[in-house]
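Numbering (the numbering used here), first residue to last: 1201 to 1316. Glycine residues also receive a C-beta, built at the ideal position from the N, C-alpha and C atoms.
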């Protein structure tokens, strides 16, 4: 049996996502008591029909998929995350990927420290 290894590289054209409630690299739990907002910056190479997958690794792993359409294309996208994801632990890491057909382009990760 032959296996093919596929190299995954971070796409330097994709900008890192952010969590809007963060103060620099710190997220205070009080700031996300009503949930947090992940912002994915404009993805210039996205096309209608491409799939965006957003991940948050904090208290567990959370993800969601979104299909690009004429309405959301060319705009920054905000994704809401419940407080539970930030309620425990010391860190949160957010990232996303853009799937165009068979190709999946991963973004850089953004890491945050969680504090009470």
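C-alpha gap between residue i and residue j, whole angstroms
i	j	result
residue 1218	residue 1306	15 Å
residue 1303	residue 1252	12 Å
residue 1287	residue 1250	32 Å
residue 1203	residue 1301	21 Å
residue 1298	residue 1263	13 Å
residue 1265	residue 1233	24 Å
residue 1241	residue 1308	12 Å
residue 1275	residue 1268	10 Å
residue 1314	residue 1271	34 Å
residue 1214	residue 1220	18 Å
residue 1294	residue 1310	5 Å
Contact under 8 Å by Cβ, residue i with residue j
i	j	result
residue 1292	residue 1256	yes
residue 1225	residue 1283	no
residue 1227	residue 1281	no
residue 1236	residue 1259	no
Cross-strand partners of residue i (DSSP beta bridge)
i	result
residue 1315	1228
residue 1253	1265 and 1297
Reduced DSSP category for residue i - H, G, I as helix; E, B as strand; rest coil
i	result
residue 1296	strand
residue 1305	strand
residue 1273	coil
residue 1244	coil
residue 1287	coil
residue 1223	strand
residue 1310	strand
Boundaries (first-last residue) of the beta strand (DSSP E) holding residue i
i	result
residue 1280	1277-1281
residue 1238	1236-1240
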